[in-house]
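Chains as they are written, first to last, in the working numbering: chain A, 16 to 508; chain B, 16 to 508. Notes follow once the structure below has been shown.
Laid out in structure tokens, this is it:
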């Protein structure tokens, strides 16, 4: 069949029409993109307040005027964390659930009170309310903590530090900052008010980077999405001379490297009340542990899972309700993993279950070691006889605490967590082997006392809990209102 | 500008030419696909030999005539495994590297000889040559192993079983099968000769599936790509009455479930020569451990990493040079993981390093427990005094062996490996606590003997190695050639 010019012309027209339809659709798409861009631009161009008017704006609700979505989700941190199968109710009394920890921390404030951490919105109320900060001013009580304890609790900290320097902030009684530190963890803790860029506001991480030849100002955006978390969720210590907050990273960021650092500077957080062992208290080395696990190794950032992106109209933003990724699996795990919610949840639960299993062994053996050591001292043991056992207790408890205090590490770095716990068990039992010899040499019997509940354990280590709680109530009812009044008068609150 | 019909016609022609060019390219592609299909078809249609002519064709080279690519790569298993940073030279004498294992296996054949497994091509030569099979017939020596020991070494096993049944195969002296089992692990072990489908040829796995209500005939292709490996690379035991090979899965496939099974049937592989502890010898539970790790949980099969697909001309086939995936990262790990070879290798090495670290602790503490127990017996300890300690040794050694014998488990299931080792350490040290009490009660001193080399450790447990080695040489030079002659005469070889 031979085509006529007419037929060819018809074919041309059909193709032309199809092309035009496609171009029209592209036009619609372009219009939609432009509209979205306009919405984004309007957010940045029509800011309601100038956040950079003061050196550090610590009022979170002021930031909320400019960034309502982030602010609304941030406020939702008040609602408490996701209820995991292994991490119970809203205010979870860990000491009630695991009385062994009362014994392990005998002689340290954590034996009084330890509830599982809640959302950022609760930071100030928790700091004031915990028995760990004591009741300065009540019945003539003095401070038991330095100003350093406030460091990670509020955007008032960078505000105060900008005006007075960090050294002054740290080296004063905790209560003398009560009227200064009043807003819970919020915007200025992680953002630069002028550019809204992520910014590390606390000195310790920056200083540790400098000492180890790393330049934090060269951190990428993806690195900052972890580093703003790492500035607080990490192992630290207070330099004894001036309570200056330090990160112990000079020899590396593993449990062994940090122990070597502490051993070298002969640092000890407290001498154990029963065993007299010189104890290192691990302080949530979450970031260091995370770095060693699969997600950390593959360049995932804290915010990727704990602050997933949300979309509202033309706007994509980070969810500031920082919480367990298991509560929002479709926007967290499932952005990379294609398995079902149930499968993914159960994978995490199994890592947590295994973590609980072995840590329970470590805790129990370390508790037994402390109590055996106490019995040795009572039987007249000498320091020379006890030296090796106390070293084992220190090493074992450091490892147990390091793994457990790295909240989430049984999932973040499951093999590393188990490796560390295996050494905690090793050292706890090696201490017992030494202590058993000392007990027998002194002809002393050892029977485990009944420390099977929080109340029994606290009574055993000599804590007067009713008084501590009564005083805390009075402190909250009398001192704290004065702090708030003062803060309002000074225009801080 | 108004278009003329002539111009419209030109546009039509251009579009028409573009379409024709595209269609021509599609044609070329289709031709290439047809050609590939023809090449695949020619392989299956032009088979040179009929492999189904006998019930089980155990001659691997006959299969090789029909499937040359698979056969060529299978022959490459003779070249030995990839030299990993942590898994050294070709014939790796594990006892030389870790003399602790000599002590742990005192009273069991593994204390004589244990070299790291080599490729499938070596199966028969290794079985004949290892000191673990003894030297039946030399100087009047009897068999020390039953026929069962050959079970996973050769396609002659399904051939023999098809003719005589498995019960007869198992329940006879090892040496009486010497002239029957002559071809190394090969084609008929995993393939149906008629269909070339993957097929489980050994009874134990099928029987275990049946007992636990699973139907192995319903396994998917992807499951079979693990199950044909699992039929051998898995924990087993010989039923004491008739040496029937069994998989101990009736209560589950975890280290605790299998221990519970053995405890219930009061099974013991051997009584330890020094400590008298009733020991369970773990036999490479590779599949069970793999199932609990990330790759197993995500449905990856053994063959995905150990038998990657290769492409030659139009043919895609499985590489039968089964070995460490680290030797071929681009076709193994990198089919899913986008990271560099170096990054992936180092991730594996770190898991292996951590695994070696904690297993070394477990081994050392279990060795110490055995030697302390020996000292207790020598000091006159009673069975009642020793009971608890020996139970701890049994539990600890089972866990250590289970983790370590699951070749690759420090990578396949890193957290589970570490969890298990942590309990091995726990029980090893708890045994020592009990034994220390017994020693002191009997006024006995304990000093670690020098068992720091393979030779010293083997001398300590009373092995006459020069004689064993001399006899093995004679056995290999006199008995084995007769086996081969017989096999040739019978048309088996």
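From the three backbone atoms N, C-alpha and C, an ideal C-beta is built for every residue, glycine too.
Can you pull the chain B residues whose beta carbon is under 7 Å from the beta carbon of residue i, in chain order?
i: residue 430/A; result: 366, 369, 429, 430, 433
i: residue 512/A; result: Here chain A has residues from 16 to 508 only, and residue 512/A is not among them.
If the cut is a Cβ gap below 7 Å, which residues of chain A does residue i touch?
i: residue 516/B; result: Any answer about residue 516/B is impossible in this case: the structure gives chain B only from 16 up to 508.
Within the 8 Å Cβ cut-off, does residue i reach chain B?
i: residue 237/A; result: no
i: residue 143/A; result: no
i: residue 107/A; result: no
i: residue 373/A; result: yes
i: residue 507/A; result: no
For chain A, check one thing: does any of its Cβ atoms lie closer than 8 Å to the Cβ of residue i?
i: residue 24/B; result: yes
i: residue 501/B; result: no
i: residue 16/B; result: Because residue 16/B carries a pLDDT of 47, less than 50, the predicted location of this residue cannot be relied on, and the following value inherits that uncertainty. So no, residue 16/B is outside the interface.
i: residue 27/B; result: yes
i: residue 445/B; result: yes
i: residue 30/B; result: yes
i: residue 104/B; result: Any reading at residue 104/B must be qualified, since the residue scores a pLDDT of 38, below 50, and its modelled position is unreliable; no value is offered.
Are there 16 or more other CB atoms within 10 angstroms of the CB of residue i, so buried, or fewer, so exposed?
i: residue 356/B; result: exposed
i: residue 10/B; result: Lying outside 16 to 508, the shown extent of chain B, residue 10/B is not represented and no answer is given.
i: residue 79/B; result: buried
i: residue 70/B; result: exposed
i: residue 28/B; result: exposed
i: residue 488/B; result: exposed
i: residue 35/A; result: exposed
i: residue 40/B; result: exposed
i: residue 38/A; result: exposed
Output, in chain order, the set of chain A residues within a Cβ distance shorter than 9 Å of residue i.
i: residue 376/B; result: 437, 438, 441
Would you say residue i faces chain C, with C-beta separation under 8 Å as the test?
i: residue 289/B; result: You won't find chain C in this structure, because its protein chains are A and B.
Please indicate yes or no: does the CB of residue i lie closer than 7 Å to some heavy atom of the ligand GTP?
i: residue 253/B; result: Judged by which ligands are present, the structure shown has none, so any question about the ligand GTP falls away.
I want to verify the contact list: residues of chain A whose CB lies under 8 Å from the CB of residue i, in sequence order.
i: residue 451/B; result: 448, 451, 452
Return the chain-ordered ranges of every alpha helix (DSSP H) run that is complete within the segment 401-436 of chain B and spans a minimum of 4 residues. List check, alpha helix (DSSP H) in window: 424-427.
What runs of the beta strand (DSSP E), each 3 residues or longer, lie entirely inside the segment 292-328 of chain A? Fully enclosed beta strand (DSSP E) runs of 3 or longer: 324-327.
Between the segment 332-344 of chain A and the segment 405-414 of chain A, do three or more beta carbon pairs fall short of 8 Å? The segment 332-344 of chain A vs the segment 405-414 of chain A: no contact.
Give the list of continuous beta strand (DSSP E) stretches no shorter than 3 residues that lie fully inside the segment 84-161 of chain B. Whole beta strand (DSSP E) segments, 3+ residues: zero.
The segment 416-427 of chain B contacting the segment 350-365 of chain A, beta-carbon criterion three pairs below 8 Å: Counting Cβ pairs under 8 Å, fewer than three are found: no touch.
Give a yes or no on contact between the segment 258-276 of chain A and the segment 285-293 of chain A, applying the rule of three or more CB pairs nearer than 8 Å. Three or more Cβ pairs closer than 8 Å define a contact, and the segment 258-276 of chain A falls short of that threshold against the segment 285-293 of chain A.
Completely contained alpha helix (DSSP H) runs for the segment 218-282 of chain B, where each covers 4 or more residues: Annotation note: the segment 218-282 of chain B contains the following uninterrupted alpha helix (DSSP H) runs of length 4 or greater, listed N- to C-terminal: 218-226, 236-245, 270-279.
Can at least three beta-carbon pairs, one atom from the segment 222-232 of chain A and one from the segment 270-279 of chain A, be found at a separation below 8 Å? No: the two stretches stay apart, fewer than three of their Cβ pairs being nearer than 8 Å.
Going residue by residue through the segment 171-221 of chain A, where are the continuous alpha helix (DSSP H) segments of at least 4 residues, counting only ones entirely within it? Along the length of the segment 171-221 of chain A, whole alpha helix (DSSP H) runs at least 4 residues long occupy 171-179, 181-185, reported in chain order.
Please list the segments of the alpha helix (DSSP H) lying wholly inside the segment 353-395 of chain A, counting only runs of 4 or more residues, in order along the chain. Unbroken alpha helix (DSSP H) stretches of 4 residues or longer found wholly inside the segment 353-395 of chain A: 356-393, given in chain order.
Within 8 Å, do at least three Cβ pairs link the segment 126-142 of chain A to the segment 176-187 of chain A? The segment 176-187 of chain A vs the segment 126-142 of chain A: no contact.
Is there contact between the segment 62-79 of chain A and the segment 196-213 of chain A, where contact requires at least three CB pairs shorter than 8 Å? The answer is yes - the segment 196-213 of chain A touches the segment 62-79 of chain A, with three or more Cβ pairs under 8 Å.
So, do the segment 240-249 of chain A and the segment 205-225 of chain A have three or more beta carbon pairs nearer to each other than 8 Å? Short answer: they touch.
Could you say if the segment 78-94 of chain A and the segment 60-69 of chain A meet the contact criterion of at least three C-beta pairs nearer than 8 Å? Touching, yes.
Kindly confirm or deny that the segment 444-451 of chain B and the segment 383-398 of chain B touch, where touching means at least three C-beta pairs closer than 8 Å. Counting C-beta pairs closer than 8 Å gives three or more between the segment 444-451 of chain B and the segment 383-398 of chain B, which meets the contact rule.
Are there three or more Cβ pairs, one per stretch, closer than 8 Å when the segment 479-499 of chain A is compared with the segment 140-152 of chain A? Three or more beta-carbon pairs drawn from the segment 479-499 of chain A and the segment 140-152 of chain A are found closer than 8 Å, and the two stretches are therefore classed as touching.
Is the segment 295-312 of chain B touching the segment 410-417 of chain B in the sense that three or more CB pairs, one from each, lie closer than 8 Å? The segment 410-417 of chain B makes contact with the segment 295-312 of chain B, as at least three CB pairs between them are under 8 Å.
Report yes or no: do the segment 348-355 of chain B and the segment 388-406 of chain A share at least 3 C-beta pairs separated by less than 8 Å? Contact between the segment 348-355 of chain B and the segment 388-406 of chain A is absent: fewer than 3 CB-CB pairs across the two stretches fall below 8 Å.
Check whether the segment 466-474 of chain B touches the segment 107-116 of chain B, counting contact only when three or more Cβ pairs, one atom from each stretch, lie closer than 8 Å. Verdict: yes, contact present.
Taking the runs of the alpha helix (DSSP H) that are 4 residues or longer, which of them lie wholly in the segment 443-500 of chain B? You should have 469-475.
Contact between the segment 393-404 of chain B and the segment 449-466 of chain B (3+ Cβ pairs under 8 Å): With the rule of 3 Cβ pairs closer than 8 Å, the segment 393-404 of chain B counts as touching the segment 449-466 of chain B.
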